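A.B. asks: With positions in the first sequence counted from 1, the corresponding number in my numbering is that position plus 5. Just so it is clear, CB atoms sit at the ideal spot from N, CA and C, and this is done for glycine as well. Note that the structure is a prediction, hence the values are computed from the model and not measured. Below you'll find the structure I mean.
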Amino acid sequence: MTRISLSRLHGERVLVVDGDAEQVIDLAALPAYVAGREADAAGPPRWVWDDTARWYPSLLAAGVRVARCQDLRLCHHLLRRAPAVDGRLLDGDGSAHWDRLGPAAAPSHPTLFSADDTAEHLRADREDERQLAAVAGSPEAARLGLLVAAESAGALVAAEMTYAGVPWRLDVHERLLAELLGPRPPRGARPQLLDELVAEVRRSLDSPALNPDSRPELLAALRRAGFEVADIRASTLQAVDHPAIAPLLRYKKLAHLFQTNGWAWVDEWVSGGRFRPSYQPAGSTTGRWSSNGGGALSFPVQVRSAAVADEGWVLVVADVAQLEPRVLAGMSRDRALARAARGADLYQGMVDDGAVATRQDAKLGLLGAMYGATSGESGRMVAGLTRRYPAAFGLVEEAARAGERGQVVRTLLGRGSPALGGTWDESPDAPPADLDDQDRRRRAYGRFTRNFIVQGTGAEWALCWIADLRNRLWRLGGDGPLDARPHLVLFLHDEVVVHAPAALADAVGAELTSAAATAGALLFRELDVDFPLTISVVQSYADAGKPGT
DNA sequence: TTTATGGGCGCC
DNA sequence: AGGGCGCCCATAAA
């Protein structure tokens, strides 16, 4: 496959390297050039660039969609930390700049490039050669190659989702806010209904100047009323029998809504009927995405009713049931657990297998194994299940031991965990740790590495899923730009939302299912692990059925 | 005055 | 003595 690298030069110019052919073109001419090459009879090339978030938004704005890319920043970061990669193959002219490269600024405006002086060091073609050599030279070249491709495809998805946005009904959101909080207050003021709750709490606690957001003040007021509590968590306050508690808890809940997804949030993140958050692919050390603007990965159930499909369109919402336990079955090649994973409910499968008495026990045991529970009900279930599923439970146990020894671990496709004392556990000049403290930290790192291999491999499955889905949705067709066709608008670790013309809802559902099967086969080959989806076709995201398993 | 940290809560 | 994140605030430190 043709690889074409793009490097920015000073001025508004771009160096294009296609095999032995080099040319310099104007930035303004880039969309037309890319569109032309995408239409090559021999198939679309792979675009090689420093950072998808820097190049792709302006292409999308010009109506150009690309099929494939290599995101050198993401892949450099990945390969640097991959245990199966010889780091020396990544060293060379300008490689230190790639080591230091951070994520591009959030693409709030699809601006082009900020002029800085690292341009000549970021020759994409040279870094591309090093990355190709690093992958090829690894004993795990096939898996790493897949990971690099999936990571890059994820970056394309992220840019496309920000470009398209989640269809968002301002009127629905504002009606919701008005009902729960009252009319929009002037800047800096508390909404009326929150104010009333504060007044009630103050009255009730006989503290006329109480700031309900202040922990010390709240603790003191409660003490005066005769209640000694250790903290002001909602779950703690629930147990206090005092008339101030009910309005206080309601205040806390609504204040959170006001602050996090209130009018200010709308002003900042919703425009033109679309919610456009910013995603950070591989933003967490496990390879999961994070979101550094808009809170896309954590917008609460409460405001999801405002995510409503356009007229004549629907939202197709799909989530994977018990993704991580299934991934564990696959990566450990535990045939007994994989058998239990046939069908819609893995936990029920374990019950039917006779491994455990109830569904709840199965869930407790599996989650306990993945998170490193050592005590309580969960801890006890782990012991029993280890005998039934030795490969699966042994794998996470081994990862925990490795972490406790200070060793790094890796996901199925080869992403490495950050080293102990590295980015994982940053405390520059920690006070001279005593032995107990040292021990605690090693155990904590062991719990982290235990979870890392599962959460990280789960993230890899999800990347393969959305990468394949992206292409399938494109092939479903329609004419015109990306957002005139069925397209992804949201991705939340194990769940996606597709915005699609109503007539294509069933077809989209079929592609979601096929893409999940493809992802399973890519990661686990012939080992048959099911990844059943719960699919809802809805107008409003709030109506999607979510079995909370 | 600005900056860093931790509690509390939201999501998976 | 249970993993990963972001965001908001109050608070403490600088």
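1. Hey, how far is the Cα of PRO221 from the Cα of VAL234?
2. Does the Cβ-Cβ distance between SER12 and GLN75 come in under 8 Å?
3. Output the distance between the C-alpha atoms of ASP122 and GLN28, rounded to the nearest integer angstrom.
4. If ARG174 sits next to ALA311, beta carbons under 8 Å apart, how far is it from one beta carbon to the other, in whole angstroms?
5. Of the choices GLY463, TRP479 and ARG475, whose alpha-carbon is the least far from that of GLN327?
6. Tell me the DSSP secondary structure of VAL29 in three-state form.
7. Go through its chain and collect everything with a Cβ distance to TRP470's Cβ below 7 Å, but skip five positions before and after it.
8. Within its chain, find whatever has a CB closer than 6 Å to the CB of ALA360; leave out the 5 residues flanking it on each side and keep chain order.
9. Ends of the alpha helix (DSSP H) at VAL271?
10. Who are the Cβ neighbours of HIS82 in its own chain at under 6 Å, not counting the five residues just before and after it?
11. Go through the segment 248 to 316 residue by residue and report every complete run of the alpha helix (DSSP H) that reaches 4 residues or more, in order.
12. So what does DSSP say about LEU495, is it helix, strand or coil?
13. Secondary structure at ASP488, three-state DSSP: helix, strand or coil?
14. Leaving out five residues before and five after ALA362 in sequence, what residues of the same chain have Cβ atoms less than 8 Å from its Cβ?
15. Considering just the uninterrupted stretch of the beta strand (DSSP E) at THR539, what are its terminal residues?
16. Since LEU306 contacts ASP499 with CB under 8 Å, what's their CB separation in whole angstroms?
17. Check this for me: beta carbons of LEU186 and PRO196, under 8 Å apart or not?
18. Could you tell me whether the segment 270 to 288 touches the segment 152 to 166, where touching means 3 or more Cβ pairs closer than 8 Å?
19. Taking three-plus beta-carbon pairs below 8 Å as touching, is the segment 405 to 413 in contact with the segment 442 to 462?
20. Identify whether GLY421 lies in helix, strand or coil by the three-state DSSP scheme.
21. For the beta strand (DSSP E) that PRO506 lies in, which residues bound it at each end?
22. Taking 7 Å as the limit between beta carbons, can you name the residues of its chain near ARG347, skipping five residues before and five after?
23. Going by DSSP, name the residue or residues bridged to SER12.
C.D. replies: Inspection of the coordinates gives the following:
1. Within the first sequence, residue 221 is the residue found at index 216, counting from 1. Within the first sequence, residue 234 is the residue found at index 229, counting from 1. Cα to Cα, PRO221 sits roughly 11 Å from VAL234.
2. Sequence index remark: in the first sequence, residue 12 carries index 7 (1-based). Sequence index remark: in the first sequence, residue 75 carries index 70 (1-based). At the C-beta level, SER12 and GLN75 stay beyond 8 Å of one another.
3. Numbered from 1 along the first sequence, position 117 holds the residue referred to as residue 122. Numbered from 1 along the first sequence, position 23 holds the residue referred to as residue 28. Caution is warranted here: a pLDDT of 48 is assigned to ASP122, below 50, making its placement in the model unreliable, and the coordinate value is therefore given only provisionally. Whole-angstrom Cα-Cα distance: 21 Å.
4. Position 169 of the first sequence, counted from the start, is the residue given in the question as residue 174. Position 306 of the first sequence, counted from the start, is the residue given in the question as residue 311. With 8 Å as the limit, ARG174 and ALA311 qualify as a contact, their Cβ atoms being about 5 Å apart.
5. Reading the first sequence from its first residue, position 322 is the one you call residue 327. Relative to GLN327, the option among GLY463, TRP479 and ARG475 whose CA is nearest is GLY463.
6. Mapped onto the first sequence, residue 29 falls at position 24. In the structure shown, VAL29 sits in a strand (DSSP, three-state: E or B).
7. In the first sequence, counting from the first residue as 1, residue 470 sits at position 465. Excluding sequence positions up to five before and after TRP470, its CB lies within less than 7 Å of the CB of ALA520, ALA521 and ALA524, all in the same chain and listed in chain order.
8. Position 355 of the first sequence holds residue 360. Scanning its chain for C-beta atoms nearer than 6 Å, with the 5 sequence neighbours on each side dropped, one finds around ALA360 the residues ARG393, in chain order.
9. Counting from one through the first sequence, the residue named residue 271 turns up at place 266. Counting along the chain, the alpha helix (DSSP H) containing VAL271 begins and ends at 268 to 274.
10. Reading the first sequence from its first residue, position 77 is the one you call residue 82. No residues qualify anywhere along the chain.
11. Qualifying alpha helix (DSSP H) stretches, in chain order: 250 to 266 and 268 to 274.
12. The residue you call residue 495 lines up with position 490 of the first sequence. Looking at LEU495 - three-state DSSP - the assignment turns out to be strand.
13. As a working mapping, residue 488 is identified with position 483 in the first sequence. For ASP488, the secondary structure class from DSSP, reduced to helix, strand or coil, is helix.
14. Looking up residue 362 in the first sequence gives position 357. Within the same chain, and ignoring the five residues on either side of ALA362 in sequence, the residues whose Cβ sits closer than 8 Å to its Cβ are VAL356.
15. By one-based count along the first sequence, residue 539 stands at place 534. Annotation: the continuous beta strand (DSSP E) that includes THR539 extends over 538 to 543.
16. Reading the first sequence from its first residue, position 301 is the one you call residue 306. Reading the first sequence from its first residue, position 494 is the one you call residue 499. The sequence shown places Val at residue 306, rather than the Leu named in the question. Contact doesn't hold; Cβ gap of about 16 Å is too wide.
17. As a working mapping, residue 186 is identified with position 181 in the first sequence. As a working mapping, residue 196 is identified with position 191 in the first sequence. Yes, these two residues count as a Cβ contact at 8 Å.
18. Touching, yes, given that three or more Cβ pairs across the two stretches are closer than 8 Å.
19. Touching, yes, given that three or more Cβ pairs across the two stretches are closer than 8 Å.
20. Looking up residue 421 in the first sequence gives position 416. Three-state DSSP puts GLY421 in a strand.
21. Against the first sequence, residue 506 aligns to sequence position 501. Looking at the DSSP string, the run of the beta strand (DSSP E) that includes PRO506 is 500 to 506.
22. Position 342 of the first sequence, counted from the start, is the residue given in the question as residue 347. These residues qualify, in order along the chain: GLY354 and ASP535.
23. Looking up residue 12 in the first sequence gives position 7. In the DSSP output, where bridge partners are listed per residue, SER12 has LEU20.
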